[in-house]
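All residue numbers in the sequence shown are consecutive under this note's numbering, ending with 238.
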Amino acid sequence: MLEQLKLDVLQANLDLVKNGLVLFTWGNVSAIDRESGYVVIKPSGVEYVNMSAEDMVVVDLDGKIAEGKYRPSSDTPTHLEIYKQHSEIGGIVHTHSAYATAFAQAGRRIPVYGTTHADYFYGDIPCARTLTFAETEDYEKNTGVIINETFAHKDVSAVPACLVAHHGVFAWGKNASQAVYHATVAEQVAKTAFLTELLGGSDVLPRHIADKHYKRKHGKNAYYGQNKR
10 MLEQLKLDVL
20 QANLDLVKNG
30 LVLFTWGNVS
40 AIDRESGYVV
50 IKPSGVEYVN
60 MSAEDMVVVD
70 LDGKIAEGKY
80 RPSSDTPTHL
90 EIYKQHSEIG
100 GIVHTHSAYA
110 TAFAQAGRRI
120 PVYGTTHADY
130 FYGDIPCART
140 LTFAETEDYE
150 KNTGVIINET
160 FAHKDVSAVP
170 ACLVAHHGVF
180 AWGKNASQAV
190 YHATVAEQVA
200 KTAFLTELLG
210 GSDVLPRHIA
220 DKHYKRKHGK
230 NAYYGQNKR
């Protein structure tokens, strides 16, 4: 079942290591097949070094295991809540990458200080609120709930990442590979935002320049890169 998606999810998980976003087992990637409704995700607590496509776990949108010899990632309920709310999302990443997590632990959004940020995120990368005591009873599911709450009036395609206060970062895209890409960019812009503030910078990028940079890559008249033939 879903053999190609397992390969894609395996590669995306390995790319987290290659891109320096995870240590040990501190992260996971999933992808969804919208036609069948099945999600493929990394197994819980399994080291990346010897992981194979056969180790990936297949679950339905209720979290029931359809295939796999391992338990799925403990963050699976978070991924599922996001998939159920946002049909345009095809892949999700969760990491504790250092700079993005520093902003999350401070309970802060990542402001748009420069054009690199504006090229990929149409506005600040938001930070979801802290879970209440009662919400920790269903911790992973409610982490997804508060991410969805944070994006109630935001476009998940225009801002493909969210911090969770005191926790880490979730990023997404049309597939697993793009989700990893956005997680990698989120970490880089978090790093440059941190350094900007360390140097005493506090002025955000003027909106007209931010708009220009985002729309030249993602707008209806985008002109960055090459035309697809």
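Beta carbons are placed, not taken as given, at the ideal position from N, Cα and C, and that holds for glycine. These numbers were taken from a predicted model, which means no experiment stands behind them.
Suppose you measure from the CA of Tyr223 to the CA of Ala170; what does that come to, to the nearest Å? 15 Å
In whole angstroms, what separates the C-alpha of Gly210 from that of Ala199? 14 Å
Does DSSP put Asp147 in a helix, in a strand, or in coil? helix
Leaving out five residues before and five after Leu14 in sequence, what residues of the same chain have Cβ atoms less than 7 Å from its Cβ? Ala40, Asp42, Val49
Kindly identify the DSSP beta-bridge partner or partners of Leu172. Cys136, Val178
On the premise that Ala185 lies in contact with Asp17, defined as a C-beta separation below 8 Å, what is that separation, rounded to the nearest angstrom? 5 Å
Assigned exposure category for Phe179 - 16 Cβ within 10 Å defines buried: buried
Keeping to the same chain, check which residues put their C-beta closer than 8 Å to that of Tyr232; ignore five residues upstream and five downstream. Arg225
Around the C-beta of Glu146, are 16 or more other C-beta atoms found within 10 angstroms, so that it is buried, or is it exposed? exposed
Near Arg80, which residues of its chain fall below 6 Å by C-beta distance, leaving aside the five closest residues on each side in sequence? Ser53
So, do the segment 63–78 and the segment 129–141 have three or more beta carbon pairs nearer to each other than 8 Å? no
Tell me which residue opens and which closes the alpha helix (DSSP H) that Thr201 is part of. 185–207
For the 8 Å Cβ check, are there 3 or more pairs between the segment 155–166 and the segment 75–94? yes
Where does Thr141 fall in DSSP's three states? coil
Tell me the rounded alpha-carbon separation between Ile119 and Ala188. 18 Å
If we call anything under 9 Å between Cβ atoms a contact, is Ala202 one with His105? no
I believe Val213 touches Tyr122 by the beta-carbon criterion, under 8 Å. Please report the beta-carbon distance rounded to the nearest angstrom. 6 Å
When burial is assigned at 16 or more other CB atoms within 10 Å of the CB, is Lys51 buried or exposed? buried
Can you grab the Cα-Cα spacing for the pair Val154 / Asp71, in whole Å? 14 Å
Here's the rule I'm using: 16 or more other beta-carbon atoms within 10 Å means buried, otherwise exposed. How should Asn37 be labelled? buried
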